Amino acid sequence: MILSDFQQEIIRKTSEYVRQTLAGAEGGHDWWHIYRVWKLANKIGTEEGADLFVIELAALLHDIADPKFHDGDEEIGPELAKEFLEKQGVDEAIIDHVDKIIRNISFKNSFQNAGFQSEELDVVQDADRLDAIGAIGIARAFNYGGFKNRPLYDPGIPPNQVLTKEAYKNSVSPTINHFYEKLLLLKDLMNTPTGKRMAEERHHFMEIYLERFYNEWEGRD
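See the structure below:
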């Protein structure tokens, strides 16, 4: 799919808007997270033959106002994205599609029945999940844990693997627990054949990392 000149200009303006808006954001949820998801989504969307204009817009805007940095408010992000796209003269149907992707992309929404489904959501969700695993995912997890002043690991606090959406949102557990409560689950939650394939190696890297982590924790290296 080749984007029109108008669509390419909208993508350019959107990327600049997001870059400026997220200046100074926490390192795991900053512009460079958006950039990586954008590039991954474009790759997956191209291989899967999905609508790249919708995909690129949704990838760029999916974390414009992450609820975890806005007192849990899940409306700010979609509202900012919609307002921006309307000002750019984007078609209402596309804005509505992007809005629905933003509202349904998050892992925390996997604890409830999906309220919306589309091929483009599948693509952007896979891209976002891929950035949460592997080497980058590990770095992001510990960066956020440090940002929240959480312990790396506490053997006395086991992972909670029977989470609800609210319990997940309110979790303050050690960063290592996050691997079992989310990161190691993502491989099996991938939607697209491309996403599933790309997740395999990243998942395996996390398993190797955890084995090494526990060995070093106990002085077995």
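In the numbering used here, the protein residues as written are 100 to 320.
Where is the CB? At the ideal position from N, CA and C, for every residue including glycine.
On a predicted model such as this, the values are computed, not experimentally measured, just so you know.
Specify the secondary structure class of HIS161 as computed by DSSP and reduced to three states. Position 62 of the sequence shown, counting from 1, holds the residue named residue 161. Reduced to three states, the DSSP call for HIS161 is coil.
Can you check whether the CB of ILE163 is closer than 8 Å to the CB of VAL117? Translated into positions along the sequence shown, residue 117 becomes position 18. Translated into positions along the sequence shown, residue 163 becomes position 64. Taking 8 Å as the Cβ cut-off, VAL117 and ILE163 qualify as a contacting pair.
Suppose contacts are defined by Cβ-Cβ distances below 8 Å. Is GLU125 in contact with PHE241 by that definition? In the sequence shown, counting from the first residue as 1, residue 125 sits at position 26. In the sequence shown, counting from the first residue as 1, residue 241 sits at position 142. No, these two residues do not count as a Cβ contact at 8 Å.
Select from LEU184, LYS295, TYR308, ILE201 the residue whose C-alpha is nearest the C-alpha of ASP229. For the purposes of this step, residue 229 is identified with residue 130 of the sequence shown, where counting begins at 1. A small fix is needed here, since residue 229 is Leu in this sequence, not Asp. Ranking LEU184, LYS295, TYR308, ILE201 by Cα distance to LEU229 puts LYS295 first.
List, from N- to C-terminal side, the alpha helix (DSSP H) runs of 4 residues or more that fit wholly inside the stretch 182-254. 191-203, 218-229, 233-246
So, with DSSP's three-state summary, where would you put LYS167? In the sequence shown, the residue the question calls residue 167 occupies position 68. Residue state, collapsed to three classes: helix.
What does the alpha-carbon distance come out to for the pair SER114 and GLN216? Translated into the one-based positions of the sequence shown, residue 114 becomes position 15. Translated into the one-based positions of the sequence shown, residue 216 becomes position 117. Cα to Cα, the separation comes out at about 25 Å.
Between ASP129 and LYS167, what straight-line distance do the alpha-carbon atoms span, to the nearest angstrom? As a first step, residue 129 must be located in the sequence shown, where it is residue number 30. As a first step, residue 167 must be located in the sequence shown, where it is residue number 68. For ASP129 and LYS167, the distance between alpha carbons rounds to 13 Å.
Quick one: residues in its chain with C-beta nearer than 7 Å to the C-beta of HIS169, no 5 flanking neighbours on either side, listed in chain order? On the sequence shown, position 70 is the one that residue 169 refers to. Once the five neighbours on either side are set aside, the close Cβ partners of HIS169 are ILE175.
Look up ARG118 in the DSSP assignment and say whether it is helix, strand or coil. Counting from one through the sequence shown, the residue named residue 118 turns up at place 19. In the structure shown, ARG118 sits in a helix (DSSP, three-state: H, G or I).
Indicate the three-state DSSP secondary structure (helix, strand or coil) for LEU102 in the structure shown. Counting from one through the sequence shown, the residue named residue 102 turns up at place 3. If DSSP states are grouped into helix, strand and coil, LEU102 belongs with coil.
Quick check for students: name the residue ranges of the alpha helix (DSSP H) that lie wholly in the stretch 264-319, counting only runs of 4 or more. For the stretch 264-319, the full-length alpha helix (DSSP H) segments reaching 4 residues or more read 264-268, 274-280, 292-316 along the chain.
Distance check for ASP225 and ILE194, CA to CA, integer angstroms please. The residue labelled residue 194 in the question sits at position 95 within the sequence shown. The residue labelled residue 225 in the question sits at position 126 within the sequence shown. So the two alpha carbons sit approximately 20 Å from each other.
Rounded Cβ spacing between ALA298 and ILE237 (contact assumed at less than 8 Å): Numbered from its first residue, the sequence shown carries residue 298 at position 199. Numbered from its first residue, the sequence shown carries residue 237 at position 138. Actually they are not in contact, since the Cβ atoms of ALA298 and ILE237 sit about 14 Å apart, beyond 8 Å.
Would you mind working out which of GLY148, GLU219, PRO177, LYS199 sits nearest MET100, comparing C-alpha positions? Taking the first residue of the sequence shown as 1, we reach residue 100 at position 1. Comparing Cα-Cα distances from MET100 to each of GLY148, GLU219, PRO177, LYS199, the minimum goes to GLY148.
To the nearest angstrom, how far is the alpha carbon of PRO254 from that of GLU146? Here residue 254 refers to the residue found at position 155 of the sequence shown. Here residue 146 refers to the residue found at position 47 of the sequence shown. Roughly 42 Å between the two C-alpha positions.
From LYS112 to TRP137, what distance separates their C-alpha atoms? Indexing the sequence shown from 1 puts residue 112 at position 13. Indexing the sequence shown from 1 puts residue 137 at position 38. Annotation: LYS112 to TRP137 spans about 14 Å, alpha carbon to alpha carbon.
When the Cα of PHE183 is compared with those of ILE154, THR120, ASP172, which residue comes out closest? Residue 183 sits at position 84 when you count from the first residue of the sequence shown. That would be THR120, whose Cα lies nearest to the Cα of PHE183.
Do LEU160 and ILE109 have their C-beta atoms closer together than 8 Å? Within the sequence shown, numbered from 1, the residue matching residue 160 stands at position 61. Within the sequence shown, numbered from 1, the residue matching residue 109 stands at position 10. Going by C-beta atoms, LEU160 is not nearer than 8 Å to ILE109.
Classify ILE110 as helix, strand or coil using the three-state DSSP reduction. By one-based count along the sequence shown, residue 110 stands at place 11. ILE110 falls in the helix class under three-state DSSP.
My output table needs one value for GLY123: the three-state DSSP class, helix, strand or coil. Taking the sequence shown and counting its residues from 1, the one referred to as residue 123 is at position 24. Here GLY123 sits in coil by DSSP.
Just mark TYR177 as buried or exposed, buried being the case when its beta carbon has 16 or more other beta carbons within 10 Å. For this step, residue 177 is matched to residue 78 along the sequence shown. The sequence given here has Pro at residue 177, not Tyr. PRO177 is buried by the Cβ-count criterion.
If MET305 and LEU282 are in contact, beta carbons under 8 Å, what's the gap, nearest whole angstrom? Stepping through the sequence shown from its first residue, residue 305 is reached at position 206. Stepping through the sequence shown from its first residue, residue 282 is reached at position 183. Contact check for MET305 and LEU282: beta-carbon distance about 6 Å, within the 8 Å limit, so the pair qualifies.
Can you give the beta carbon distance from PRO258 to TYR243, rounded, assuming they're within the 8 Å contact cut? Residue 258 sits at position 159 when you count from the first residue of the sequence shown. Residue 243 sits at position 144 when you count from the first residue of the sequence shown. Not a contact, Cβ separation roughly 16 Å.
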